[in-house]
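Enquirer:
Residue numbers (this note's numbering), protein chains in the order written: chain A, 127 to 377; chain B, 127 to 377.
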């Protein structure tokens, strides 16, 4: 049921702010990623902030590993994607996260792969970029192209989660009403609208076309149709018996 | 050149944390949105944090408007989308941000539309949801379905930005090398590999097929081919003249 996200490693190179790294943990857990590595950590990194902003994703922070260099952090990976917001030398050939995600996951099927993000102020250095086998750039406005670190990770992780197909299972199935159910409902409504005196019988066809249009703007679910059937039924009962308690069941 | 994002209003209902709202401002500006409204603001809202986290998107914070109720915040909108992470009554019929974005933008072409997000702790109330004409849910893991407010906004804003086509223009065109350029390069490489003694002439055809495979793993740009031409040229020069300064120009 879809590609596995387990071999996907998120590598943060020398992040500045604990809050951002904590937010990255949360976004990772939201999107089914779990393997966090920090390369070339700074001495003044605020661990307290990281824990605080990770909220319920504390487990990802607790399990994270650290390496002195990016090269060591990705030594066992056979595909490495860097992220870059800047134009310039070595940064020309890039794809969007949407183009990238399915391809990246097909590499992940063969072993560990890494998504690498640079420090908040400067992004990845040319030395870091040289270690990457592919490069992505998140689309953004010219007015403000620089995304927050955890926002950038969220976009990439979201694209991976969607591409993995994992999100599909989470969607509950609301069964759409069948044509037979819809027609039964429209028949009830026609009778009801006649019986409550809303329309004359010579206008009924015309008016029912309008009702069909209104109720066909979106897909009606089975529940919707059952509700609408109930409305018509009660209207008909009321037209014959006056406004008294509804019949308990049966059409 | 794509759908306009101008009529898109982001409405935050009673947000708790200034930092989140500031981050929302930044994500909005990253993704070309500008109209921020806060409905039913709290008395203890931390404006200082909002400004701090907005960074360069301060202009969006400064231009934001406030209304006592959600109903007033969206009074002039003819399409209103709510976001919900929870299952439950009134929350059954939802689409994903990807399904939603193009449809939402087509509504935006006719006037103001709103994307509504609830407070960080509880999300939108049933009363708020009743005011929405459509509902989206961001795919996420069962282990941790609750996204940070600014992360949720980022995913929706990113989908809108991509659907608007605005991101397409931002991608620089790296012209792929033409077949003629590639063939010129392979011819140079063939000569070079022979002249430096890398291969015998009876093995050249076979070896050049391997070289073609290697250089065709990805699309070669014009710049790539120019570099590879230069390598072959210099190798040939070296084979004849020894390792001395390269020729200044010309093939």
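Glycine residues also receive a C-beta, built at the ideal position from the N, C-alpha and C atoms.
List the residues that DSSP assigns as beta-bridge partners of residue 205 of chain B.
Expert: Paired residues: B:239.
Enquirer: How far does the alpha helix (DSSP H) with residue 336 of chain A in it extend, from its first residue to its last?
Expert: Taken as a continuous stretch (DSSP letters only), the alpha helix (DSSP H) holding residue 336 of chain A covers 330 to 341.
Enquirer: If you scan the segment 226 to 297 of chain A from start to end, which runs of the alpha helix (DSSP H) of 4 or more residues do you find wholly inside it?
Expert: Fully enclosed alpha helix (DSSP H) runs of 4 or longer: 252 to 256, 275 to 290 and 292 to 296.
Enquirer: Starting from the beta carbon of residue 172 of chain B, find every residue of chain A whose beta carbon is closer than 7 angstroms, and list them in chain order.
Expert: None at all; the shortest Cβ gap to chain A is about 15 angstroms.
Enquirer: My understanding is that residue 262 of chain B touches residue 223 of chain B, with C-beta atoms under 8 angstroms, so please give their C-beta distance in whole angstroms.
Expert: Contact holds; Cβ gap of about 6 angstroms.
Enquirer: Output, in sequence order along the chain, the residues in the segment 149 to 161 of chain A whose CB is closer than 8 angstroms to any CB in chain B.
Expert: Those residues of the segment 149 to 161 of chain A that come within reach of chain B (Cβ to Cβ, closer than 8 angstroms) are 149, 152, 153, 155, 156, 157 and 158.
Enquirer: For chain B, check one thing: does any of its Cβ atoms lie closer than 9 angstroms to the Cβ of residue 251 of chain A?
Expert: So, not an interface residue.
Enquirer: DSSP three-state label for residue 319 of chain B, please.
Expert: Note: residue 319 of chain B maps to helix in three-state DSSP.
Enquirer: Is the beta carbon of residue 256 of chain B less than 9 angstroms from the beta carbon of residue 200 of chain B?
Expert: No, Cβ-Cβ distance for residue 256 of chain B and residue 200 of chain B is not below 9 angstroms.
Enquirer: Measuring alpha carbon to alpha carbon, tell me which residue in A:301, A:333, A:363 and A:334 is nearest residue 349 of chain A.
Expert: Considering only alpha carbons, the answer is A:301.
Enquirer: Report yes or no: is there a C-beta of chain B within less than 9 angstroms of the C-beta of residue 194 of chain A?
Expert: Not one chain B Cβ lies under 9 angstroms of residue 194 of chain A.
Enquirer: Counting only beta-carbon separations shorter than 9 angstroms, does residue 164 of chain A have a partner in chain B?
Expert: Not an interface residue.
Enquirer: For the alpha helix (DSSP H) containing residue 188 of chain A, name the first residue and the last one.
Expert: Where residue 188 of chain A is concerned, the enclosing alpha helix (DSSP H) stretches over 184 to 188.
Enquirer: Quick check on residue 239 of chain A - is its C-beta less than 9 angstroms from some C-beta in chain B?
Expert: Cβ-Cβ to chain B under 9 angstroms: no for residue 239 of chain A.
Enquirer: Can you say whether residue 357 of chain B is buried or exposed, counting buried as having 16 or more other CB atoms within 10 angstroms of its CB?
Expert: When all chains shown are included, residue 357 of chain B counts as exposed.
Enquirer: By the 8 angstroms beta-carbon criterion, what residues does the segment 276 to 290 of chain B contribute toward chain A?
Expert: Residues 276, 277, 280, 281, 284, 287 and 288.
Enquirer: Given this structure, state the Cα-to-Cα distance separating residue 140 of chain B from residue 140 of chain A, to the nearest angstrom.
Expert: Their backbone Cα atoms lie some 35 angstroms apart in a straight line.
Enquirer: Less than 9 angstroms between CB atoms is the rule here; does residue 248 of chain B satisfy it with respect to chain A?
Expert: So no, residue 248 of chain B is outside the interface.
Enquirer: Kindly indicate which three-state DSSP category residue 161 of chain B falls into: helix, strand or coil?
Expert: In the structure shown, residue 161 of chain B sits in a strand (DSSP, three-state: E or B).
Enquirer: In whole angstroms, what separates the C-alpha of residue 378 of chain B from that of residue 317 of chain B?
Expert: Not covered by the structure: residue 378 of chain B. The range shown for chain B is 127 to 377.
Enquirer: By Cβ distance, which residues of its chain are closer than 7 angstroms to residue 245 of chain B, with the 5 residues on each side in sequence left out?
Expert: Only 139, 140, 141 and 142 meet the Cβ criterion.
Enquirer: Comparing C-alpha positions only, which one of B:249, B:154, B:129 and B:171 sits nearest to residue 88 of chain B?
Expert: The displayed coordinates of chain B run from 127 to 377. Any statement about residue 88 of chain B would go beyond what the structure contains.
Enquirer: By the 10 Å Cβ neighbour count, where 16 or more other Cβ atoms means buried, how is residue 186 of chain A classified, buried or exposed?
Expert: Counting Cβ neighbours within 10 Å, residue 186 of chain A comes out buried, since at least 16 surround it.
Enquirer: Among residues of its own chain, excluding the 5 on either side of residue 247 of chain A, which ones have a beta-carbon nearer than 7 angstroms to its beta-carbon?
Expert: Around residue 247 of chain A: 142.
Enquirer: Starting from residue 265 of chain B, find everything on chain A with Cβ-Cβ shorter than 7 angstroms and list it in chain order.
Expert: 287, 288, 293 and 296, listed in chain order.
Enquirer: Sorted by chain position, which residues of the same chain lie with C-beta nearer than 7 angstroms to residue 194 of chain B's C-beta, five sequence neighbours on each side aside?
Expert: Cβ within range, chain order: 166.
Enquirer: Given that a residue counts as buried once 16 or more other Cβ atoms are within 10 Å of its Cβ, and exposed if not, what is residue 207 of chain B?
Expert: Buried: at least 16 other Cβ atoms inside 10 Å.
Enquirer: Which residues does DSSP pair with residue 302 of chain B in a beta bridge?
Expert: Bridge partners of residue 302 of chain B: B:347.
Enquirer: Anyone know if the C-beta pair for residue 260 of chain A and residue 130 of chain A falls short of 9 angstroms?
Expert: Result no, Cβ atoms of residue 260 of chain A and residue 130 of chain A do not sit closer than 9 angstroms.
Enquirer: Taking the alpha-carbon of residue 144 of chain A as reference, which of A:172, A:351, A:160 and A:330 has the nearest alpha-carbon?
Expert: For residue 144 of chain A, the nearest C-alpha among the options comes from A:172.
Enquirer: When the Cα atoms are used, what is the spatial distance from residue 178 of chain B to residue 286 of chain B?
Expert: Roughly 26 angstroms separates the two Cα atoms.
Enquirer: Determine, using beta carbons only, whether residue 134 of chain B and residue 281 of chain A come nearer to each other than 9 angstroms.
Expert: Not in contact: residue 134 of chain B and residue 281 of chain A (Cβ atoms no closer than 9 angstroms).
Enquirer: Tell me whether residue 283 of chain A is buried or exposed, calling it buried when 16 or more other Cβ atoms sit within 10 Å of its Cβ.
Expert: Per the 10 Å Cβ criterion, buried.
Enquirer: Are the beta-carbon atoms belonging to residue 156 of chain B and residue 272 of chain A less than 9 angstroms from one another?
Expert: The answer is yes: Cβ separation under 9 angstroms.
Enquirer: How is residue 168 of chain A classed by DSSP in three states: helix, strand or coil?
Expert: Three-state result, residue 168 of chain A: coil.
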